[in-house]
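Engineer: Per this note's numbering, the very first residue in the sequence shown carries number 427; after that it's consecutive. Yeah, the Cβ is synthetic: ideal placement off N, Cα and C, and Gly gets one too. Below: one structure in structure tokens.
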Amino acid sequence: MPLLKMRLASFQYLVDLRNVPDLSYINDDELEIGIGSMTTHRTIEFSPIVAANCPVLAEAAGIIGDPLIRNRGTIGGSVCHADPSADYPAVILSLDGKLVVRGKDGKRTIESRDFFVDIFTTSLKTHEVLTEVRLPKLAADSTAAYEKLTRRQGDFALVGAATFIRMRRQNCEEVRVALSGVAPTPVRAEAAEHMLKGKALTDTSILNASKHAAQGLRPPSNVHASREYRLAMVEVATRRALERCKHNLRSRE
427 MPLLKMRLAS FQYLVDLRNV PDLSYINDDE LEIGIGSMTT HRTIEFSPIV AANCPVLAEA
487 AGIIGDPLIR NRGTIGGSVC HADPSADYPA VILSLDGKLV VRGKDGKRTI ESRDFFVDIF
547 TTSLKTHEVL TEVRLPKLAA DSTAAYEKLT RRQGDFALVG AATFIRMRRQ NCEEVRVALS
607 GVAPTPVRAE AAEHMLKGKA LTDTSILNAS KHAAQGLRPP SNVHASREYR LAMVEVATRR
667 ALERCKHNLR SRE
């Protein structure tokens with residue numbers, strides 16, 4: 427609908443999926459949670475299953491738009507819209523999630539790193555529909571956080587940072603940092619990940635990793651924020667998200 431309103435797309439047919447009951451659900455599987463593509467943001471925000479197993483997704487759902495948008499918008503709609511400043515894509519990428527799609531050739535599963543290919547563009551084929559988002563459950567040694575900077579509450583992110591950390595023997599064994607608002611798609615901040623992997627999660631290591639988060643980026647400049655501002659805010663958003671990860675881990679001790 428946003429693309430139609432902006433006259434960026436037109437269709438011969440428009441199919442409403444709201445009355446397809448099998449596309450709205452949240453399942454608790456053994457190692458993952460499965461979320462139907464027509465599940466609303468509000469349902470995700472207040473889901474006990476999401477809160478217990480993947481709370482960062484509930485946090486992201488709760489800061490999307492306003493209550494009206496959260497009551498009507500769906501996770502599948504947001505993901506397939508593929509706005510580079512949206513919240514879900516960066517979070518799903520940081521969690522190494524998977525997207526299940528169906529079409530005339532059957533069912534296939536797409537890794538999140540392969541799903542977003544350009545601005546407003548995904549790897550979905552013309553005859554395919556996203557049916558499910560699958561995310562790993564966060565174990566006791568893992569944590570995740572999402573921080574976004576906006577002009578007003580509920581806006582799309584000027585810059586967003588989604589972080590995932592899995593610890594082993596007081597060190598970061600697995601690190602993923604995904605950024606939104608800085609490229610045509612959500613992107614991984616691999617330099618920051620490399621700086622933190624294998625190290626203890628300290629104020630110094632967080633600061634060093636955050637300083638490398640913008641390496642190689644060329645974000646857009648527009649009326650909302652300049653490229654220079656976005657580059658500076660990548661460090662801020664990444665640091666805040668990593669600090670929240672640190673706080674989450676310490677609160678469990």
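Which complete beta strand (DSSP E) runs does the region 536 to 581 hold, if anything under 3 residues is left out?
Structural biologist: Counting whole runs of 3 or more residues, the region 536 to 581 contains the beta strand (DSSP E) stretches 542 to 544, 555 to 562 and 568 to 575.
Engineer: Where do the N-terminal and C-terminal ends of the beta strand (DSSP E) with residue 680 fall, by residue?
Structural biologist: What is shown of the chain runs 427 to 679, which leaves residue 680 out entirely.
Engineer: Report the option in 492, 485 and 594 whose CA atom is closest to the CA atom of residue 587.
Structural biologist: When only C-alpha atoms are compared, the closest one is 485.
Engineer: Can you tell me whether DSSP reads residue 672 as helix, strand or coil?
Structural biologist: Note: residue 672 maps to helix in three-state DSSP.
Engineer: Identify which residue in 514, 622 and 509 has its Cα closest to the Cα of residue 572.
Structural biologist: Of 514, 622 and 509, the residue nearest in Cα terms is 514.
Engineer: Which two residues bound the contiguous alpha helix (DSSP H) that contains residue 498?
Structural biologist: Start and end: 493 to 498.
Engineer: Can you find the residues in the same chain that come closer than 8 Å, C-beta to C-beta, to residue 633, ignoring five residues on each side of it along the sequence?
Structural biologist: For residue 633, where only same-chain residues beyond five positions count, the Cβ hits under 8 Å are 665.
Engineer: Please tell me whether residue 467 and residue 490 are closer than 8 Å, where the distance is taken between their beta carbons.
Structural biologist: In contact: residue 467 and residue 490 (Cβ atoms closer than 8 Å).
Engineer: Should residue 584 be labelled buried (16 or more other beta-carbon atoms within 10 Å of its own) or exposed?
Structural biologist: It counts as buried.
Engineer: Taking only three categories from DSSP, how would you classify residue 628?
Structural biologist: Residue state, collapsed to three classes: coil.
Engineer: What are the boundary residues of the beta strand (DSSP E) that includes residue 604?
Structural biologist: Looking at the DSSP string, the run of the beta strand (DSSP E) that includes residue 604 is 597 to 606.
Engineer: Just checking, does the region 502 to 514 make contact with the region 541 to 557 on the three C-beta pairs under 8 Å criterion?
Structural biologist: Touching, yes.
Engineer: Between the region 538 to 553 and the region 472 to 479, are three or more C-beta pairs nearer than 8 Å?
Structural biologist: Because the criterion of three Cβ pairs below 8 Å is not met, the region 538 to 553 and the region 472 to 479 do not touch.
Engineer: Just the C-alpha distance for residue 544 and residue 610, rounded to the nearest angstrom, thanks.
Structural biologist: For residue 544 and residue 610, the distance between alpha carbons rounds to 5 Å.
Engineer: When the Cα atoms are used, what is the spatial distance from residue 591 to residue 523?
Structural biologist: C-alpha separation (whole angstroms): 14 Å.
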